[in-house]
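Only one structure is covered here, and it is reproduced in the block below.
In this note's numbering, the protein residues as written are 10 to 160.
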């Protein structure tokens, strides 16, 4: 996994908000992330009455956060937040390595791609089935039409 900063135009962005959610960012639709930027594109903070409430708010906020055009570390944060080790507070400077977080992230991303592919296939089948059921053969022949067989 490459976590190097990503640059480019941002055609669309959705910033999470709501109770217990704060996001400080310079991003907006149409802006460009230049190679001369601070690699911190946004700072997302959540809080709640309990650790679990705050964690769930962060997970929901990350699910709502959409940045089109550049790679982000959002999938990494989501993977971390969903681990039992994080929930149990087993944090350290070697957390990613010790608990194989990068391998988990790769597996999560692979499963997401499979889910998207299955959803696309299902949508195509439904679309095809829907339109096939709507199309009716007319078998109408205009007497003024000539076909090659009439010649």
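Cβ atoms here follow ideal geometry from the backbone N, Cα and C, with glycine treated the same way.
As assigned by DSSP and simplified to three states, the class of residue i
i, result
"residue 13", "coil"
"residue 76", "strand"
"residue 88", "helix"
Separation of residue j from residue i, as counted between CA atoms
i, j, result
"residue 67", "residue 130", "31 angstroms"
"residue 44", "residue 14", "8 angstroms"
"residue 119", "residue 58", "34 angstroms"
"residue 84", "residue 108", "16 angstroms"
"residue 91", "residue 55", "16 angstroms"
"residue 113", "residue 97", "17 angstroms"
"residue 72", "residue 106", "24 angstroms"
"residue 88", "residue 28", "23 angstroms"
"residue 61", "residue 102", "22 angstroms"
"residue 51", "residue 36", "8 angstroms"
"residue 94", "residue 26", "27 angstroms"
"residue 115", "residue 81", "14 angstroms"
"residue 117", "residue 64", "19 angstroms"
"residue 77", "residue 100", "31 angstroms"
"residue 47", "residue 86", "19 angstroms"
Expected contact under 8 angstroms - CB spacing of residue i and residue j to nearest Å
i, j, result
"residue 40", "residue 19", "5 angstroms"
"residue 24", "residue 16", "With a Cβ gap of about 19 angstroms, residue 24 and residue 16 do not count as contacting."
"residue 104", "residue 110", "7 angstroms"
"residue 75", "residue 21", "7 angstroms"
"residue 70", "residue 53", "6 angstroms"
"residue 30", "residue 79", "Residue 30 to residue 79, Cβ: 22 angstroms. No contact."
Whole runs of the beta strand (DSSP E) within the segment 13-52, excluding any shorter than 3 residues: 30-34
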